[in-house]
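Let me begin by presenting the structure, written as structure tokens, before commenting on it.
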């Protein structure tokens, strides 16, 4: 946007001087993207292709005598013989939907709040955004201390008469999901709050002035000005976050380890376990391929359904 | 109101040439309030509640880190640093800290350097594979790092880089690059080409013009991108867990995971380790916080 403004400002009749470009070699842009390109070919494209290749192979370091071409055997095993696949897929979907919608709702409210002018706003912003910088493992560390049955929150709550002593939310299949959700929310909400606040600040103030002159209340201003303006940012950030929540295993790996009894295993966590602990690289690669296709398909459907980049009102 | 008018009056008088442009009417407080009349309690109450949710976990960690073992006090007094000493020396966090620092700083330098070159090419040139390159950058965002563990492990084993910090630095850099290039090319596009062209006319080479004219203007953007790279590589867990199996090569997140994995978790040591893990990112965060919002609005979402 800023660039078009800059172009518009310069007189249109004068062509940009090309003195130097003639002496700059034509291959300069290629030289400039070469380091990034080579790194990405070597460490992203090649591994992706090798995942596709291994998915058609039997490849298990602990059973080298069986290694070899397997055709679509791994894939038929996933869809027909592996009940774990379907349950982890279901959990992944539940995890992503719950996380993204709660993070978006809280992040939106938070961004609207810290976008107001009030005393102490700078400090409030810094504090509210701070968990953004905290890692999954550190989040686990912190929430382990809170969830700890003997010296954690539950002990002090029990002192106040809430709940009972020795409650272990992480080993109870009924509470572990929401315990994990809460920990991930704590760290995830600032991401949305930051992105939405950035977009809120680009809404021209005149729109609100005009609307309030016309007698529109705060709720109507929100629905008719703020939300339409935020639409693209919301679609893009929910998509990025959805993909990220699907893929990221740090928190669940360390907080619940996928347990108890596999109830919090997402598909990538299952893949990590199959590959790292089970050494069954062929099957893990097939699972990876399936996860990748599912992700791509869901992303395209989401962008289509949400009419990303469509007309703004 | 009158003060504003008076000030406005003197402003119009100020230019001696008497330009015909009418002065901008200053926004009066009354009109401002017309769309900004949220009662204070409607801000402070929800914000206060959310702040409790954000800060109690941090407080909890600090509390466990400084109170003596066995204490159940809810205030961090009397204070002790025994957990820190223990975790730093006995549990090797001193070494983990050093390793994490090396990984973080090298990733920062590598990512920023490579992304500057790539971002400049995208912002200033039209070339044949430009669109394909952009598409590749965007698509790579969908590739899960966790699912690349196995093939990456094989690559690094072939390169004989397992158990070297270099493997983690390369992996982190590669996964940071796409977003960094997109962000930096956005920042460079915001610097008018005419500034560079003026320097070329003065006889600067493209490289010198870039260093002298563009680079200083990119400072906020570079700080944002560099800090992302540092924070992400400082925080990342799986690559370090997979590629570094020797204890004296491990990083802080792996160290924390080891502390949590032991049979009887020493909560004091764990909390102290958590504080050590948090300090650098908190410092970086406090430093970049004000650039975070502008950085995102300039580059990320607007493309």
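Residue numbers (the numbering used here), protein chains in the order written: chain A, 1 to 313; chain B, 1 to 303. Cβ atoms here follow ideal geometry from the backbone N, Cα and C, with glycine treated the same way. Quick caveat, the model's predicted, so the values are computed rather than measured.
Nearest neighbour of residue i, chosen from the options [CA to CA]
i	options	result
residue 75 of chain A	A:147, A:52, A:62	A:52
residue 92 of chain A	A:294, A:274, A:303	A:294
residue 267 of chain B	B:197, B:64, B:60, B:194	B:64
residue 262 of chain A	A:90, A:65, A:80	A:90
residue 259 of chain A	A:64, A:84, A:37	A:84
residue 49 of chain B	A:128, A:43, A:46, A:58	A:128
residue 111 of chain A	A:288, A:141, A:33, A:194	A:194
residue 119 of chain A	B:40, B:233, B:254	B:40
residue 201 of chain B	B:213, B:191, B:190	B:213
residue 58 of chain B	B:291, B:279, B:289	B:279
residue 290 of chain B	A:216, A:214, A:33, A:198	A:198
residue 140 of chain B	A:302, A:41, A:303	A:41
residue 80 of chain B	B:55, B:277, B:68	B:68
residue 191 of chain B	B:209, B:179, B:175, B:174	B:209
residue 171 of chain B	B:160, B:188, B:152	B:152
residue 62 of chain A	A:279, A:80, A:103, A:246	A:279
residue 32 of chain A	B:52, B:105, B:185, B:160	B:185
Simplified DSSP state of residue i, which is helix, strand or coil
i	result
residue 72 of chain A	coil
residue 289 of chain B	helix
residue 99 of chain B	helix
residue 57 of chain A	strand
residue 280 of chain A	strand
residue 116 of chain A	coil
residue 248 of chain B	helix
residue 189 of chain B	helix
residue 308 of chain A	coil
residue 21 of chain A	Any answer about residue 21 of chain A is weak, because its pLDDT of 48 lies below 50 and its placement is not dependable; what the coordinates show is given next. Residue 21 of chain A: helix per DSSP, three-state reduction.
residue 247 of chain A	helix
residue 224 of chain A	helix
residue 79 of chain B	coil
residue 237 of chain B	coil
residue 82 of chain A	coil
residue 200 of chain A	helix
residue 109 of chain A	helix
residue 263 of chain A	coil
C-alpha gap between residue i and residue j, whole angstroms
i	j	result
residue 82 of chain B	residue 169 of chain B	33 Å
residue 252 of chain B	residue 272 of chain B	12 Å
residue 182 of chain A	residue 26 of chain A	54 Å
residue 86 of chain A	residue 300 of chain A	22 Å
residue 252 of chain A	residue 125 of chain B	43 Å
residue 204 of chain B	residue 194 of chain B	14 Å
residue 132 of chain A	residue 191 of chain A	6 Å
residue 239 of chain A	residue 142 of chain B	10 Å
residue 68 of chain A	residue 179 of chain A	43 Å
residue 136 of chain B	residue 65 of chain A	38 Å
residue 287 of chain A	residue 84 of chain B	42 Å
residue 175 of chain A	residue 256 of chain A	12 Å
residue 159 of chain A	residue 241 of chain A	38 Å
residue 76 of chain B	residue 269 of chain B	15 Å
residue 219 of chain A	residue 185 of chain A	26 Å
residue 35 of chain A	residue 55 of chain A	29 Å
residue 78 of chain A	residue 97 of chain A	23 Å
residue 122 of chain B	residue 29 of chain A	8 Å
residue 70 of chain A	residue 289 of chain A	15 Å
residue 107 of chain A	residue 72 of chain A	43 Å
residue 31 of chain B	residue 44 of chain B	Its pLDDT being 44, under 50, residue 31 of chain B is placed unreliably in this model, and the value from its coordinates should be taken loosely. Answer to the nearest angstrom: the Cα atoms are 23 Å apart.
residue 16 of chain B	residue 215 of chain A	Any reading at residue 16 of chain B must be qualified, since the residue scores a pLDDT of 42, below 50, and its modelled position is unreliable; the value itself is stated next. Residue 16 of chain B and residue 215 of chain A: Cα-Cα distance of roughly 42 Å.
residue 134 of chain A	residue 285 of chain A	30 Å
Flag this pair as touching only if the region 224-232 of chain B and the region 109-120 of chain B have three or more C-beta atom pairs under 8 Å; answer yes or no.
yes
For the region 256-274 of chain A against the region 165-180 of chain B, are there 3 or more C-beta pairs whose distance is under 8 Å?
no
So, does the region 215-226 of chain B touch the region 78-95 of chain B, judging by three or more C-beta pairs under 8 Å?
Segments in contact, no.
When the Cβ atoms of the region 118-135 of chain A are set against those of the region 199-211 of chain A, are three or more pairs found closer than 8 Å?
no
Does the region 279-292 of chain B come into contact with the region 231-245 of chain B, if we say contact requires no fewer than three beta-carbon pairs (one atom in each stretch) closer than 8 Å?
As far as the Cβ criterion goes, the region 279-292 of chain B touches the region 231-245 of chain B, which means the pair count is three or higher.
If contact is defined by three or more beta carbon pairs under 8 Å, each pair taking one atom from either stretch, is the region 218-226 of chain A in contact with the region 136-155 of chain A?
no
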